[in-house]
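Peer 1: Just so we're aligned, residue 12 is where the sequence shown starts under the working numbering, counting upward by one. From the three backbone atoms N, C-alpha and C, an ideal C-beta is built for every residue, glycine too. Just passing along the structure, written as structure tokens.
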Amino acid sequence: MTERIDHAAEAREALGGSGDGRNFATDASQNAIAHALLAIAEQQRIATLIALATLTDVDTDGDKLRADAMDRLVRWVPHGPDDEHPEMRPEIAAVLGIKTKETPNAAQ
12 MTERIDHAAE
22 AREALGGSGD
32 GRNFATDASQ
42 NAIAHALLAI
52 AEQQRIATLI
62 ALATLTDVDT
72 DGDKLRADAM
82 DRLVRWVPHG
92 PDDEHPEMRP
102 EIAAVLGIKT
112 KETPNAAQ
């Protein structure tokens, strides 16, 4: 099996060197396209995690898969000595535009 390529990281690196500055319109549109594609990739990743976290038609082996996906979406935060609640991870909330204590400027 080949090593996984992080296409988002590769695209971000390419953004740093895109265009030579002589054609602002072309450089700007290339940057916009790259950012849009990265945003779509982030949204798709979250959608996949949500789908995995809510699987219902699987056997007990699916419990680990659901738990792993849920762990990437939420974190358990203590609210008392014997009490904790799940909260959406700040990076997930930011991508989805949901305001939290950590992401007060997220889009509505």
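Measure from the alpha carbon of R83 to the alpha carbon of each residue in A50, I57 and D93, then state which is nearest.
Peer 2: For R83, the nearest C-alpha among the options comes from I57.
Peer 1: Our contact map puts E102 next to V88 with C-beta atoms below 8 Å; I'd like the distance itself, whole angstroms only.
Peer 2: The pair is not a contact, with the Cβ atoms about 15 Å apart (cut-off 8 Å).
Peer 1: Quick one: using the 10 Å Cβ neighbour count with 16 as the cut-off for buried, is G108 buried or exposed?
Peer 2: With fewer than 16 Cβ atoms within 10 Å of its Cβ, G108 is classed as exposed.
Peer 1: Identify which residue in E95, D68 and T59 has its Cα closest to the Cα of A80.
Peer 2: Nearest of E95, D68 and T59 to A80, Cα basis: T59.
Peer 1: Hey, L48 and L63 are a contact pair by Cβ (cut 8 Å); roughly how many whole angstroms apart?
Peer 2: About 23 Å; that fails the 8 Å criterion.
Peer 1: Can I57 be considered in contact with the ligand PLP, in the sense that its beta carbon sits closer than 7 Å to one or more heavy atoms?
Peer 2: The ligand PLP is not among the ligands present in this structure, which contains no ligands whatsoever.
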